[in-house]
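Please read the structure below before turning to the comments.
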């Protein structure tokens with residue numbers, strides 16, 4: 002999101018990337034992370050990685066056609082988001098009929114998603 006660098010100067014994954022690695026995996030006893038150039042995975046490959054998941058939340062994917070939950074903070078609303086916005090979460094900034102959830106309404110948002118997509122698998 003916004004050119005965020007996940008691996009930083011001094012880290013082995015950073016050195017791997019600088020040396021030319023297009024894909025690096027780091028693993029601990031409790032977590033796994035894959036670092037990749039954006040061009041390494043296409044959308045279909047990413048879908049395969051998450052195929053056993055009921056929901057996948059992707060931060061910063063404003064250009065794909067994937068359905069989106071628009072997270073509203075104190076900034077001005079964005080007009081450049083592609084794909085269907087199915088709900089708004091956060092500060093109320095519009096008066097539309099779109100489903101809106103306050104930041105405390107996590108259970109209600111989850112229920113909305115389950116009801117909307119329960120028959121899609």
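In our numbering, the protein residues as written are 2 to 122.
We put the CB at the ideal spot given by N, CA and C, even for glycine.
Measure the CB-CB distance between residue i and residue j and report whether it falls below 8 Å.
{"i": "residue 36", "j": "residue 18", "result": "yes"}
{"i": "residue 73", "j": "residue 91", "result": "yes"}
{"i": "residue 63", "j": "residue 81", "result": "yes"}
{"i": "residue 33", "j": "residue 26", "result": "yes"}
{"i": "residue 89", "j": "residue 71", "result": "yes"}
Identify the continuous beta strand (DSSP E) that holds residue i and give its terminal residues.
{"i": "residue 36", "result": "33-37"}
{"i": "residue 27", "result": "24-28"}
So the alpha helix (DSSP H) residue i belongs to, where does it begin and stop?
{"i": "residue 114", "result": "107-118"}
{"i": "residue 71", "result": "Taken as a continuous stretch (DSSP letters only), residue 71 belongs to no alpha helix (DSSP H), being part of the beta strand (DSSP E) at 69-73."}
{"i": "residue 46", "result": "44-50"}
{"i": "residue 19", "result": "13-19"}
Just list the residues that DSSP pairs residue i with in beta bridges.
{"i": "residue 58", "result": "In the DSSP output, where bridge partners are listed per residue, residue 58 has none listed."}
{"i": "residue 102", "result": "90"}
Thinking just about the alpha-carbon of each residue, which of the options is nearest to the one in residue i?
{"i": "residue 118", "options": "46, 57, 77", "result": "57"}
{"i": "residue 121", "options": "93, 109, 54", "result": "54"}
Item to check | Touch test, the stretch 81-99 against the stretch 54-67, Cβ-Cβ under 8 Å, three pairs minimum | outcome: At 8 Å Cβ cutoff, the stretches touch.
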